[in-house]
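Residues in the sequence shown are numbered consecutively from 1, following the numbering used here. Quick reminder that beta carbons are idealized off the backbone N, C-alpha and C, glycines included. Remember, predicted model here, so these are calculated numbers, not experimental data. Below: the structure, in structure tokens.
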Amino acid sequence: MTGLAAGYDAELRRHNELLRRAAGVRPDDHVLDIGCGTGQTTRQAARAATAGSALGVDVSAPAITRARELARADGLHNVTFEQGDVQVHPFPPECFDLAISRFGTMFFADPVAAFGAVGRALRPAGRLVMVVWQAAERNEWAVAIRRALDAEGPVAGAAAGPDPFTLADPSTVREILHAAGFSGVAFDDVREPVYYGADVNAALAWVRGFTRTAEVLQRLEPAAAARVEERLRRALAERLRDDGVWFTSRAWIVSARRPG
Ligand SMILES: C[S@@+](CC[C@H](N)C(=O)[O-])C[C@H]1O[C@@H](n2cnc3c(N)ncnc32)[C@H](O)[C@@H]1O
1 MTGLAAGYDA
11 ELRRHNELLR
21 RAAGVRPDDH
31 VLDIGCGTGQ
41 TTRQAARAAT
51 AGSALGVDVS
61 APAITRAREL
71 ARADGLHNVT
81 FEQGDVQVHP
91 FPPECFDLAI
101 SRFGTMFFAD
111 PVAAFGAVGR
121 ALRPAGRLVM
131 VVWQAAERNE
141 WAVAIRRALD
151 AEGPVAGAAA
161 GPDPFTLADP
171 STVREILHAA
181 GFSGVAFDDV
191 REPVYYGADV
201 NAALAWVRGF
211 TRTAEVLQRL
221 EPAAAARVEE
231 RLRRALAERL
241 RDDGVWFTSR
251 AWIVSARRPG
């Protein structure tokens, strides 16, 4: 990995393993992966569902194209991908045993509609297992990056990008899931670090790809952008260990069930 940006799969390797265990895909399960991105979790589910299947859905066409390429390269025949907005996607009713998501459920404008659609796609007693971020303040990566980016003051016109913390509050999540028809909502506190790259340069390349970082660096005048970049570099260097750059993080594994 030296010199390369981490990539989302590398960043989330610890969370991935916990989600895999919590989901506990069985051989004959039909699995829906919500906001599947390039599909690592979908492929993983398909490998476990040897007599079942996995469907990944994501609103991003490039992500779905890449997900299909990767599944083909893996020789998987029980995995499919569809491009679509989960909030309005025409899922077949009562078709899936399990819905999973690795940080793909925090960006819905209408979360009740989205989880309602997922619930209707699940069989009675079907399960939802998803991992979502806890509050920004509990996430060292979010605090450190925000501090560095905000050090020059507000940057006019810089878009914040999608908010990954909309499902941080358990009572809000419980309310959303109950309104969407789920029951048995439970939260597991996940305290695993996230990986940003093999060295500081790789980690900086990864952070520069984040929407807000790119916006701030592009809109600041060059000297200020250089100072922000230096601050980012220092924040990353402070977290460099023998095996790369790691930040602490806090997430929830949320599980729920469609009534049987
Ligand atoms: C943080 S990424 C996680 C991707 C993937 N689950 C993973 O772990 O690699 C969030 C994903 O949610 C997708 N997404 C956001 N809103 C969506 C929606 N309304 N319907 C479907 N996918 C959505 C994004 O396109 C993005 O791929």
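Return the residue from the list Gly161, Pro111, Trp246 that minimises the CA-CA distance to glycine 197. Trp246
In the DSSP assignment, find the alpha helix (DSSP H) that holds glutamate 192 and state where it starts and stops. Segment: none, glutamate 192 is in no alpha helix (DSSP H) and carries neither H nor E.
Cβ atoms of valine 118 and isoleucine 34: under 8 Å apart, would you say? Their beta carbons are under 8 Å apart, which means isoleucine 34 touches valine 118 by this criterion.
Taking the Cβ atom as the reference point for each residue, do arginine 120 and valine 79 lie within a distance shorter than 8 Å? no
Is glycine 157 close to ligand 1? I mean its beta-carbon at under 7 Å from any heavy atom of the ligand. no
Separation of arginine 234 from threonine 50, as counted between CA atoms: 46 Å
Any non-hydrogen atom of ligand 1 closer than 7 Å to glutamine 134 Cβ: no
Tell me the DSSP bridge mates of isoleucine 100? Asp33, Val129
Extent of the continuous alpha helix (DSSP H) run through valine 173: 170-179
Bridge partners of arginine 80, per DSSP? Arginine is not the amino acid found at residue 80; the sequence shown has threonine there. Note: threonine 80 is bridge-paired with Leu55 in the DSSP secondary-structure output.
Label serine 101 either buried or exposed according to how many other C-beta atoms from any shown protein chain fall within 10 Å of its C-beta, with 16 as the threshold for buried. Flag for serine 101 reads buried.
Determine the contact status of alanine 158 and valine 216, defining contact as a CB-CB distance below 8 Å. yes
Would the beta-carbon of aspartate 85 be found less than 7 Å away from any heavy atom of ligand 1? yes
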